[in-house]
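Residue numbers (the working numbering), protein chains in the order written: chain A, 501 to 701; chain B, 37 to 237. Some notes on the structure that comes next.
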């Protein structure tokens, strides 16, 4: 990190960032990753707080670490916070500003959508015997089923058969193993990561 | 009409149990969190049937925000209101955010190592297989669906075609096909009622 533009997170710019993330929260249908292009536009292109490489590394970090992939949001906030500490000359408290930035972005991203989800699903649960609510839940089922199949396919779809046959083989073996046995899923993930790190897949 | 399998469901005993269950779920989720969620909530904790889980997952998909976070708010809120939702949400977020920020503070020293990229490929391959296995299981959840088998198959096939082959934006497909499917399900539920007044579900 380092060559980004100046930012004073403790002040008007921080507030503007908070409001921007708030406005994206309700648009994140399908997960936070769908608003990533807009965050890229805001942080990298418009304000130049972060470089393109830094932005990408935040997404990659979120993918290799456990938890929902929304964790790239606090990582970006952390990076902006550290950048801000350097702007303001608070070099001893870089990590503190990083945490501040991370919480600021995370809170803004999670709060509006969570309030909406909570209110909507509590209402639906109280009226769970109404035909419209039953139809809504059951009607989505075939579409969700199709989405699950698509997700599985798309994760490997960028690989052609010749370069990726080992990946496809590993995926198929895992699918059958999980379907037919009760092996612990972390064991399979560890196996996949080791095979990958050794260069087999 | 076939009867639904009878499973004895449990319920979370405390808010702390919600926190730890969702924490465990989040820490095992590397990109394929839906499979872990199904394992934890349906098979281990027995808080939901596979049918309920699949329906909840559908609702979590169409609301803004990451699907697993929406699921945590729904399950937590169902048993303990807003405080249960908050505990489940904190369970999902707290430890993963700490881990990812620790990784972020180390970034640059090892983020571009070849072994790391290999490990990510391996993890993705395993996740894809785990998700495919979930699809195999989910097909059982559709046996008691109000729609005909052929109607379900059309919605599943169209979803795969639009999302995996045409690569259309998820939001549009979900809302477009979802609304048609919900409407048709509602209509079928109405017909079932008038056709089979004496028959119970």
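Think of the CB as a built atom: it goes at the ideal place given N, C-alpha and C, for glycine as much as any other residue.
Between residue i and chain A, is the shortest Cβ-Cβ distance under 8 Å, so that the two count as touching?
i: residue 119 of chain B; result: no
i: residue 84 of chain B; result: no
i: residue 93 of chain B; result: yes
i: residue 217 of chain B; result: yes
i: residue 171 of chain B; result: yes
i: residue 74 of chain B; result: no
i: residue 114 of chain B; result: yes
i: residue 230 of chain B; result: no
i: residue 160 of chain B; result: yes
i: residue 53 of chain B; result: no
Within 10 angstroms of the Cβ of residue i, are there 16 or more other Cβ atoms? Answer buried if so, exposed if not.
i: residue 237 of chain B; result: Low confidence applies here, because residue 237 of chain B scores a pLDDT of 44, under 50, leaving its location unreliable; read the following figure in that light. With fewer than 16 Cβ atoms within 10 Å of its Cβ, residue 237 of chain B is classed as exposed.
i: residue 663 of chain A; result: exposed
i: residue 585 of chain A; result: buried
i: residue 569 of chain A; result: buried
i: residue 91 of chain B; result: buried
i: residue 234 of chain B; result: Because residue 234 of chain B sits at a pLDDT of 48, beneath the cut-off of 50, its placement in the model cannot be relied upon, and the point is left open.
i: residue 125 of chain B; result: buried
i: residue 530 of chain A; result: buried
i: residue 678 of chain A; result: buried
i: residue 193 of chain B; result: exposed
i: residue 106 of chain B; result: buried
i: residue 76 of chain B; result: buried
i: residue 557 of chain A; result: buried
Figure out for me which residue from the options has the closest Cα to the Cα of residue i.
i: residue 173 of chain B; options: B:79, B:135, B:102; result: B:79
i: residue 158 of chain B; options: A:540, A:689, A:553; result: A:689
i: residue 214 of chain B; options: A:648, A:684, A:639; result: A:639
i: residue 583 of chain A; options: A:572, A:554, A:692; result: A:554
i: residue 509 of chain A; options: A:655, A:624, A:547; result: A:547
i: residue 89 of chain B; options: B:227, B:205, B:175; result: B:175
i: residue 117 of chain B; options: B:193, B:48, B:192; result: B:48
i: residue 519 of chain A; options: A:627, A:606, A:534; result: A:606
Looking at chain B, is there any beta carbon in it that lies within less than 8 Å of the beta carbon of residue i?
i: residue 459 of chain A; result: Shown here, chain A extends from 501 to 701; a query on residue 459 of chain A therefore has no answer.
i: residue 639 of chain A; result: yes
i: residue 507 of chain A; result: no
i: residue 686 of chain A; result: yes
i: residue 565 of chain A; result: yes
i: residue 520 of chain A; result: no
i: residue 536 of chain A; result: no
i: residue 549 of chain A; result: no
Got a sec: is the Cβ-Cβ distance from residue i to anything in chain C below 8 Å?
i: residue 555 of chain A; result: Among the protein chains in the structure shown, which are A and B, there is no chain C.
Inter-stretch contact (C-beta, 8 Å, three-pair minimum) for the region 199-210 of chain B and the region 107-115 of chain B
no
Continuous alpha helix (DSSP H) assignments of at least 4 residues falling wholly in the region 581-640 of chain A
594-626, 631-639
For the structure I just gave you, are there three or more beta carbon pairs, one from the region 128-138 of chain B and one from the region 53-61 of chain B, closer than 8 Å?
yes
Assess contact between the region 612-620 of chain A and the region 83-103 of chain B, defined as three or more Cβ pairs (one per stretch) separated by less than 8 Å. Is contact present?
yes
So, do the region 654-671 of chain A and the region 215-234 of chain B have three or more beta carbon pairs nearer to each other than 8 Å?
no
Going along the chain, which unbroken runs of the alpha helix (DSSP H) with 4 or more residues stay wholly within the region 516-568 of chain A?
536-540, 552-564
Between the region 673-680 of chain A and the region 159-169 of chain B, do three or more beta carbon pairs fall short of 8 Å?
yes
Considering only residues of the region 102-148 of chain B, which uninterrupted alpha helix (DSSP H) runs meet the minimum length of 4 residues and lie entirely inside it, listed in chain order?
103-142
The region 533-543 of chain A touching the region 562-580 of chain A, judged by at least three CB pairs closer than 8 Å
yes
Does the pairing of the region 590-599 of chain A with the region 556-563 of chain A give three or more beta-carbon distances under 8 Å?
Taking a contact to require three or more Cβ pairs closer than 8 Å, the region 590-599 of chain A and the region 556-563 of chain A do not qualify as touching.
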